[in-house]
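According to the UniProt record's numbering, the sequence shown is numbered sequentially starting from 1. Beta carbons are placed, not taken as given, at the ideal position from N, Cα and C, and that holds for glycine. Just so you know, these numbers come straight off a predicted model, no measurement behind them. Here is the structure we will look at, set down as structure tokens.
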Amino acid sequence: MAPVTLTGHLATKIIPKNGYMSIVYIKSAQYSSEGKLNLAAYKRGTGGRSSFNGVVATVFGCTGFVGRYVCNKLGKTGTQMILPYRGDFYDAARLKVCGDLGQVLFTPFHLQDDKSIAKAVRYSNVVINLIGRDYETKNFKFNDVHVDGARRLARISREMGVERFIHLSYLNADEHPTPLVMKKPSMYKISKYLGECAVREEFPTATILRASDIYGSEDRFLRAFASLWRIHSHIMSLYKNGEATIKQPVYVGDVAQAILNAARDPDTRCLTYQAVGPKRYLLRDLVIWFYQLMRKDENWGFRLVDMKYDPLLPLKIMVVNMISPAYPFGNLHWESLEKEATTDVLVKGMPTLEDLEVTLTNMEDQVPWELKPYRAYQYYIDKLGEFPRPPPPKVQPAY
């Protein structure tokens, strides 16, 4: 064995290679005073970000909204992570702090490149697929991402000997959805359904999570309603005035915790879970409550109208998609409105996040903090109790 020199918290190991001497820095805790490898000193178990719990996870979609929470949860329990990224490396570099030195590795990949995908999953025993799109672009359509991409990831993971595959889908995925706002069936819902089928075909023991609308920091649910692109002249238009839609939103941290628990529990193989929040609300009540939290109530001028009586909304959607076809401002496009108007329908008997031992977060506890940056007159320093907290929305009966 090459000589090892202890220098503070690191050990330097000199390795001759191709006529040159290379110096490798290793944590000194792994070596005894004689320079021999001490396996007993290596941290194991779920002792924090510096430990190793035996799970090596590849997280596709790590730079997305849900992906950042999942990586944080995995890193806190000592999971070694391989994070594939597409595009600029610095979009993914912030995730390096999710784990200790050497716990988080990055590799470039492309969803249509089998070789790069195989490289990303080669050493992993868990693969998590969080890749998804709310809107189509000229490079990636819904089927490219939700169906072909999911099938490719599941197939290559199975071929590379991956033990567990976890796939995030959509609660209201349907092969034949009924159009609500759009004139044709939603390709988002159809592609999500076909993506589940593709994953089951290629990786029969996969675990699937069907999530409803996910809210949290940097989400596309709360912030779509709070965006100035959605509201005009203090008027918010909803499908049938929001009275025909019931929502059961789920907090992103609960979804991330469910993925972590599923990865560590072998009994979750072959199962599909419904990722929904603890309560159901009428969309109208939710939106009114959101704007009351932002101090934009009736006194501010806020009011709801039926979407079919709002002639400016189709014009605004057309303008937004012409200005920014790659990323619709305020998540304002027809597929998002179709998803927004869809009632969350649960399948009786199918397990939920509570079966994954997740303590669900109430919207009443989290949403006020999420909407705080969107308050009217943000720079006004109010006195304690000057603006009483509005009452929470009425809870609808369980489905």
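- Membership of ASP306 in the beta strand (DSSP E) is indicated by the continuous run 303-306.
- Non-local beta-carbon contacts of ALA173 in its own chain, meaning distances under 6 Å to residues more than five positions away in sequence, involve LYS189, LYS192 and TYR193 in chain order.
- Look at the beta carbons and you see the region 229-237 touching the region 302-309: at least three pairs across the two are nearer than 8 Å.
- Apart from sequence neighbours up to five positions away, the residues of its chain that approach ARG269 with a beta-carbon distance below 6 Å are THR205, ordered along the chain.
- Here DSSP, grouped into helix, strand and coil, assigns SER169 to strand.
- Taking all protein chains in view, the Cβ of ILE259 is crowded by 16 or more other Cβ atoms within 10 Å, so the residue is classified as buried.
- Per DSSP, the unbroken alpha helix (DSSP H) holding TYR193 starts and ends at 187-202.
- Contact annotation: ILE156 and ILE117 have beta-carbon atoms nearer than 9 Å.
- DSSP places GLN292 within a helical segment (H, G or I) once states are collapsed to three.
- Annotation: the continuous beta strand (DSSP E) that includes TYR281 extends over 280-282.
- Minimum Cα-Cα distance from GLY253 among the listed residues PRO311, GLU364, LEU360 and CYS62 corresponds to LEU360.
- Residues ASP297 and PHE302 of the same chain have their beta carbon placed closer than 7 Å to that of TYR291, with the five preceding and five following residues left out of the count.
- Closest by C-alpha distance to ASN331, out of TYR90, LYS316 and LEU353, is LYS316.
- The three-state secondary structure of ARG164, taken from DSSP, is strand.
- Where ILE117 is concerned, the enclosing alpha helix (DSSP H) starts and stops at 114-121.
- If only uninterrupted alpha helix (DSSP H) runs of at least 4 residues are considered, those enclosed by the region 331-399 are 334-340 and 363-370.
- Excluding five sequence positions before and after GLN248, the CB atoms of its chain that fall closer than 6 Å to its own CB belong to SER212, VAL276, GLY277, ARG280 and ASP344, given in chain order.
- For SER157, the enclosing alpha helix (DSSP H) has its first and last residue at 150-159.
- ALA198 places its beta carbon less than 9 Å from that of ASP148.
- Contact holds between the region 55-69 and the region 123-137, because three or more Cβ pairs, one in each stretch, are under 8 Å apart.
- Rounded to whole angstroms, LEU171 and LYS383 show a C-alpha spacing of 42 Å.
- Taking a 10 Å sphere around the C-beta of VAL97, we find fewer than 16 other C-beta atoms and assign the residue as exposed.
- Shown here, MET182 sits in coil according to DSSP, grouped into three states, outside any helix or strand.
- The three-state secondary structure of ASN129, taken from DSSP, is strand.
- Beta-bridge partners of ILE208 (DSSP): HIS167 and THR272.
- For ILE317, the three-state secondary structure derived from DSSP is helix.
- Just measuring C-alpha positions, the residue of ASP355, LEU111, PRO393 and GLN80 sitting nearest ASN261 is ASP355.
- Around the CB of MET294, 16 or more other CB atoms lie within 10 Å, so the residue is classed as buried.
- Look at LEU238 here: in three-state DSSP terms it is strand.
- For LEU83, the enclosing beta strand (DSSP E) stretches over residues 80-85.
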